[in-house]
Structures are given as structure tokens and as C-alpha cells.
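Heads up, the thing below is written out as C-alpha cells.
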Amino acid sequence: MGSPRAPTGTSFEIIDPNLVVRPEHGPSSATSQIAASEYNAISLDTRKLQAQHSTEGYRDGIANGKADRIQAGFDQGFALGANIGLSAGRLLGVLEGLVASFGENGLDEPAQIGQLLSDATKELSESSIFAEEYWGHDGTWKYPVAQEEVGNKDEMLANIARRHPGIAKWEKKVKDVKI
């Protein structure tokens, strides 16, 4: 069914998609004119209210969408950062434990272990492991992680932490310590 066609030379004012007012057939009595002006006033108020609600709805939608995305991003970033921080802390703890065990036994630790601890403290610092060379501006890692290593969320985060170049380097160095 097509839309109705207006006779030639007829103008229409569309106020509402379901209502068409033909000006040439306007109200003829004073009562009709008052009713028409009240309708136009209500119609104008209705349109303003509709625009206001539409704007507020849009703003609410944007705000809620941002909050949901920001929270999800924070949750993922926090979990990944925690895994990397735990890995770095464990490595530093092993080296500190070695230094402490020599001290408790009245022995001088090998210079190698003291130097390793000093170097690891610098290279596994927060500013080093979260440097731009390892992370994109959107929080994604820049270093390779094989797709088959991703797995479930917990495995994925642990694998991403293990593949961090700084963590991987110090994992190898700590395993290679000879005392």
C-alpha cells in the first residue's frame, strides 16, 4: 500500500508521522482555533519532551556503555598485571632468599648472586616490565604469545606473563644460578 497522494497545489504540515494537518482546511470557529492552538502547543511540548528524553537516553546509554567497557578492561588488565607482578616478585624472592641464606649461615654470598639480585631488581621493576616496548596503548602485549598457549583465562594470563621478555629472561637466569 503506497502513501496517500495530495491533490496538486496542496501543502501539508507534518507534526506527527500518523497525523497530517491540511492548512487550507483549518478550523473555522473560535473554539476550533483554540483547540488547534492547544493541540499545536501540546504537540510542541511533546516534541520537546521527546527530544529531551532521546538526548538523555543517548547520554545514559553512552555512560553505561563506557562504564561496562572500562570495568571489563580494568578487570582484564588487573588480572594480567597481577600475574606479571607475581612472576617478577617470585623471581626477586628467590634471589633475595639465596642472598639471605648465605648471610644467615655466616657465609659471604657469591658476588654473582648479589649482582644478579641488583640487576633483577632494576629489570623487574614496575617501570621496566610495564614499559611501552612491551605494551600497546590499548593494554595489549607486543611480544609473541602462541595461540595454542592462550587456553582458558587463568592459563592465558599465566602464559602471557611467562612470555614477557623480562620475566622469561630472568626465569632462565635464576634457573642457571650455580651455588
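Numbering of the sequence shown is given in my numbering, commencing with residue -17 and proceeding in unit increments.
No residue lacks a Cβ here, since even glycine has one placed at the ideal position from N, Cα and C.
Query, Result
"Alpha carbon to alpha carbon, how far is Asn165 from Gly63?", "The shown model of the chain, from -17 to 161, leaves out residue 165, and the question about it has no answer."
"In whole angstroms, what is the alpha-carbon distance linking Gly59 and Gly121?", "7 angstroms"
"Please classify Met(-17) as buried or exposed, where buried requires at least 16 other C-beta atoms within 10 Å of its C-beta.", "Reliability fails at Met(-17), whose pLDDT of 47 lies under 50, so the model's placement of it is uncertain and no value is given."
"Three Cβ pairs or more, each shorter than 8 angstroms: is that satisfied between the segment 111 to 125 and the segment 138 to 149?", "yes"
"Based on the DSSP output, what are the partners of Trp117 in its beta bridges?", "Trp123"
"Under DSSP, the alpha helix (DSSP H) around Pro92 begins and ends at which residues?", "Segment: none, Pro92 is in no alpha helix (DSSP H) and carries neither H nor E."
"Which of the three DSSP states, helix, strand or coil, is assigned to Ser160?", "Reading off the sequence shown, one finds Lys at residue 160, where the question assumed Ser. Note: Lys160 maps to coil in three-state DSSP."
"So, using beta-carbon positions, are Gly96 and Val76 closer together than 8 angstroms?", "no"
"Alpha carbon to alpha carbon, what distance is there between Arg51 and Ser107?", "29 angstroms"
"Between His7 and Ile44, what straight-line distance do the alpha-carbon atoms span, to the nearest angstrom?", "Residue confidence is low: His7 scores 48 on pLDDT, short of 50, so the model does not pin down where it sits. No coordinate-derived value is stated."
"Please return the same chain residues whose Cβ sits closer than 8 angstroms to the Cβ of Ala61, not counting the five positions on each side in sequence.", "Lys135, Leu139"
"I need the straight-line Cα distance from Ala49 to Gly79, nearest angstrom please.", "43 angstroms"
"If you draw a straight line from the alpha carbon of Leu26 to that of Glu38, how long is it in whole angstroms?", "18 angstroms"
"What whole-angstrom Cβ distance do Ile161 and Ser69 have, given they're in contact under 8 angstroms?", "That belief does not hold up - the Cβ atoms of Ile161 and Ser69 are roughly 22 angstroms apart, past 8 angstroms."
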